[in-house]
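Residue numbers (our numbering), protein chains in the order written: chain P, 20 to 428; chain A, 20 to 428.
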């Protein structure tokens, strides 16, 4: 291979090129991006590979984190059978609540340290997976979970992790995020670190066949929020954008049939939609919607996906002035056509999302789920400090946020 | 989280679900897929992170593989400066040819073993990167490179690898593929193993600014072949398909302006196109086009991307009966509209690709690059044994392949 000379940047640096100019209709200059995901295994029956994957990571004894619901459906027993077939020893921790709490992480760490386990395997929804991340983090790095709040506060590597979601939506099995509630402060702490990306993610759509219709509702809106917010993020890049839009498209086409019949084909497509939006948001992050949902969940323990159902359309309206063209792309996927203008297409998409929320029976107003509105100002201050706000396309003060909460009241 | 009971598959297995049926217009049943990529870092100036990335992988002494062309452009010196700034020691191997040869891998392994290096860093095109993979593979697993021909023949882990492409197109920096020529047999051996996926890939579009227009031609067709063949592969899944099509779209929109002006903005979009199609093909594999190109390159040392320019349109025509709808999706991206039928759209796309080949000055007939046609039967037999044929949408005997070669003669 020969290379022409004469155009090499000066030795001092390779950062700029004076003849750079856009000829392409893509005028923005890209900055440096990272794109990282776990090894993904997905498809019907992939749960069977749990033991093989754990062994591949050097496991001799596995620390299983799951929850009583997944256990009652029989999946924990099934997992244990699979691990036994591979000759693997394990301990089991199921003390995990919806919106996992700091004290649960602490108890899990004690159990982990006593166990002598060398691989963490989470089997469950976002709560079980985030609890497992918290346990793996504190067990390996010491201190308390709140020491790691924010971005890039983790120094030492975590034990190898195999994550198996029992539903879709959280995508904690892909992401560099963990969200744990600080019970004393009544906030959800967001911890972002690439050490939190599991080594291997196994997504078996069969696991969704034991969910009720009702249990699918919140995950669907969590996934919608991931697809939408990652697409609008200032950190979005071409590799994340296609996955955001693929996720949105699959979610929109398969949610109604999945809720109507719980057929495996549709559930499977929803798991792929989740993977797609998960690949997008772990690399492009999320925005204001997650800041608002975290503040709401921290204060009132509202299910995360329900918070998004309540707030996502309002957040999209707030963000629209800063990203009308991208919002129109979202709108076109949702309504299936482009209207006379970007603004009209974008608004029609938001309205269709609101109709979908009503149609599937989710609450539309905060007053339907909260005891009163006295904590809205406090929640607004909390949301204004949430790290996800840094990657929202439009800046927002606590007063802007309070207006959104009141608007959704 | 609660889970409804009564729909749990029998303990004996989770493979099938009797109530499975398609309600979605996506009738196919997905099988189990793997989706794995290295950590990707990309954008202008990302080369500066080479040392930090190597250290992150535990490097104390780095084995650099590059080639005289990249060296002449000044990039090897620049890299060495960056490594020195991080206090890293290194050795340098630049004995790499276009279509790297088995004896070059052997010499590289000797140098690696003498060096005491602990991380392999490739800086170059597909040849330098595939040579580096071959060296890392034989150095860690012993024997000769030909012992690993085929899929999944590698047992032991390789040394950590940081790969930095100096052009786009091969995407060896992402893929689980390495292709090395067996000089005695005059064939290109394809080695497929997830151990060949580098740990970290750094794509800095600045490196493309020292390429001449002529040196961009072959990589463009290699990338086009990756986008097209990964999309048509039976192993394609929704996560790979979006990246195949994004890659194709970016390639098609930015190739002409990039060739016309070599402006950094367009070169940058081509690197993203390469990453996109690389993410796709490392997970979905490629097909007949690569089998034909390998046989041609092994016999006559033809540049890999030029082989694709010669053969890809013919391969697309051959495959069309098995994948007309997908070929129409490709055609629509290329010609920018859908014609009256899938077949018409697909054919128009292939014809546009042929016109593009002519327009940029690439050969259209095998007779323009080969001394004579006496080896076509032997090449057809070699191509019929190529592992890439297993993931082609339409089966092909050696006689089918000979017909394609004659058709392109």
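Here a beta-carbon is modelled for each residue, glycine too, at the ideal position from N, C-alpha and C.
Candidates 149(P), 82(P), 193(P) and 58(P): closest to residue 214(A) by CA position: Translated into positions along the second chain, residue 214(A) becomes position 195. Closest option to residue 214(A), Cα to Cα, is 58(P).
Where residue 377(P) meets chain A, residues with beta-carbon distance less than 9 Å: Mapped onto the first chain, residue 377(P) falls at position 358. Chain A residues near residue 377(P): none, gap ~22 Å exceeds 9 Å.
Residue range of the alpha helix (DSSP H) that includes residue 370(A): Start at 1 with the first residue of the second chain, and residue 370(A) comes out as number 351. Residues 361-378.
Ranges of the beta strand (DSSP E) found wholly within the region 83-125 of chain P, counting only runs of at least 3: 108-112
Any C-beta of chain P under 9 Å from that of residue 196(A): Residue mapping note: residue 196(A) aligns to position 177 of the second chain, counting from 1. False, the Cβ-Cβ gap to chain P never drops below 9 Å.
N- and C-terminal bounds of the beta strand (DSSP E) containing residue 184(P): Locating residue 184(P) in the first chain gives position 165, where the first residue counts as 1. Start and end: 180-184.
Terminal residues of the alpha helix (DSSP H) in which residue 67(P) lies: Stepping through the first chain from its first residue, residue 67(P) is reached at position 48. Careful: residue 67(P) lies outside any alpha helix (DSSP H) and carries neither H nor E.
Alpha helix (DSSP H) runs wholly inside the region 225-294 of chain P, at least 4 long, in chain order: 232-251 and 257-280
Residues that residue 52(A) bridges to, as DSSP identifies them: In the second chain, counting from the first residue as 1, residue 52(A) sits at position 33. Looking at the DSSP assignment, residue 52(A) forms a beta bridge with 61(P).
Contact set between residue 61(P) and chain A, taken where Cβ atoms lie within less than 9 Å: Position 42 of the first chain, counted from the first residue, corresponds to residue 61(P). The contacting residues are 49, 51, 52, 53, 54, 256 and 258.
When 191(P), 123(P), 247(P) and 127(P) are compared against residue 149(P), the one with the closest alpha-carbon: As a first step, residue 149(P) must be located in the first chain, where it is residue number 130. Ranking 191(P), 123(P), 247(P) and 127(P) by Cα distance to residue 149(P) puts 191(P) first.
Chain P residues whose Cβ lies nearer than 7 Å to that of residue 265(A): One-based indexing of the second chain puts residue 265(A) at position 246. Ordered by position in chain P, the residues that pass the 7 Å Cβ test against residue 265(A) are 257 and 261.
Paired residues, beta bridge with residue 298(P) - DSSP: Counting from one through the first chain, the residue named residue 298(P) turns up at place 279. Per DSSP, none; premise fails for residue 298(P).
Cβ pair residue 281(A), residue 235(A) closer than 9 Å: Within the second chain, numbered from 1, the residue matching residue 281(A) stands at position 262. Within the second chain, numbered from 1, the residue matching residue 235(A) stands at position 216. Yes; because the gap between Cβ atoms is below 9 Å, this pair is in contact.
Residue 248(A) versus residue 194(P): straight-line alpha-carbon distance, rounded: Sequence index remark: in the second chain, residue 248(A) carries index 229 (1-based). Sequence index remark: in the first chain, residue 194(P) carries index 175 (1-based). Their backbone Cα atoms lie some 29 Å apart in a straight line.
Cα-Cα separation, residue 296(P) to residue 262(A): Within the first chain, residue 296(P) is the residue found at index 277, counting from 1. Within the second chain, residue 262(A) is the residue found at index 243, counting from 1. Taking the straight line from one Cα to the other gives about 14 Å.
Short CB-CB distance (under 9 Å) between residue 295(A) and chain P: Along the second chain, read from residue 1 onward, the residue named residue 295(A) stands at position 276. Taking Cβ atoms only, chain P reaches closer than 9 Å to residue 295(A), which makes this a yes.
Beta-carbon proximity list for residue 74(A), same chain, < 8 Å, skipping 5 on both sides: Position 55 of the second chain holds residue 74(A). Contacts found: 105 and 107.
Same chain, Cβ closer than 8 Å to residue 159(A), neighbours up to 5 away in sequence not counted: Position 140 of the second chain, counted from the first residue, corresponds to residue 159(A). Contacts found: 175, 176, 177 and 178.
N- and C-terminal bounds of the beta strand (DSSP E) containing residue 136(A): On the second chain, position 117 is the one that residue 136(A) refers to. Premise fails: residue 136(A) is in no beta strand (DSSP E) and is neither H nor E.
Residue range of the alpha helix (DSSP H) that includes residue 326(A): In the second chain, counting from the first residue as 1, residue 326(A) sits at position 307. 323-338 is the extent of the alpha helix (DSSP H) around residue 326(A).
Buried/exposed call for residue 392(A), threshold 16 Cβ in 10 Å: As a first step, residue 392(A) is located in the second chain; it is residue number 373 there, counting from the start. By the 10 Å Cβ count, residue 392(A) comes out exposed.
Meets three-Cβ-pair contact criterion under 8 Å: the region 196-207 of chain P and the region 229-245 of chain P: no
Opposing strand residues paired with residue 79(P) [DSSP bridges]: Taking the first residue of the first chain as 1, we reach residue 79(P) at position 60. Paired residues: none, contrary to the question.
Outcome for residue 260(P) when other beta-carbon atoms lying within 10 angstroms are tallied against a minimum of 16: Within the first chain, numbered from 1, the residue matching residue 260(P) stands at position 241. When all chains shown are included, residue 260(P) counts as buried.
Residue 109(A) beta carbon less than 9 Å from that of residue 224(A): For the purposes of this step, residue 224(A) is taken as the residue at position 205 of the second chain. For the purposes of this step, residue 109(A) is taken as the residue at position 90 of the second chain. Result no, Cβ atoms of residue 224(A) and residue 109(A) do not sit closer than 9 Å.
Residue-level contact to chain A via CB, residue 173(P), 9 Å cutoff: Walking along the first chain from the start, residue 173(P) turns up at place 154. With 9 Å as the cut-off, residue 173(P) does not count as an interface residue toward chain A.
Chain-ordered neighbours of residue 291(A) on chain P, where CB pairs are closer than 9 Å: What you label residue 291(A) is simply residue 272 of the second chain in a count that begins at 1. In chain order: 49, 256, 257 and 258.
C-beta contact flag for residue 144(P) and residue 238(P) at 9 Å: For this step, residue 144(P) is matched to residue 125 along the first chain. For this step, residue 238(P) is matched to residue 219 along the first chain. In contact: residue 144(P) and residue 238(P) (Cβ atoms closer than 9 Å).
Own chain residues within Cβ distance below 6 Å of residue 276(A), not counting five before or after: Against the second chain, residue 276(A) aligns to sequence position 257. Excluding sequence neighbours, residue 276(A) sits near 285.
Bridge partners - residue 170(P), DSSP secondary structure assignment: Taking the first residue of the first chain as position 1, residue 170(P) is located at position 151. In DSSP, residue 170(P) forms a bridge with 211(P).
Nearest to residue 219(A) (by Cα), restricted to the options 211(A), 66(A) and 358(A): The sequence position of residue 219(A) within the second chain is 200, counting from 1. Nearest option by C-alpha distance: 66(A).
Same chain, Cβ closer than 6 Å to residue 335(P), five either side skipped, listed in chain order: The residue you call residue 335(P) lines up with position 316 of the first chain. Here the set comprises 369.
C-alpha distance - residue 112(P) paired with residue 128(P), whole-angstrom precision: Position 93 of the first chain, counted from the start, is the residue given in the question as residue 112(P). Position 109 of the first chain, counted from the start, is the residue given in the question as residue 128(P). Approximately 10 Å, taken between the alpha carbons.
Per DSSP, the bridge partner or partners of residue 220(A): Numbered from 1 along the second chain, position 201 holds the residue referred to as residue 220(A). Residue 220(A) pairs with 59(A) and 182(A).
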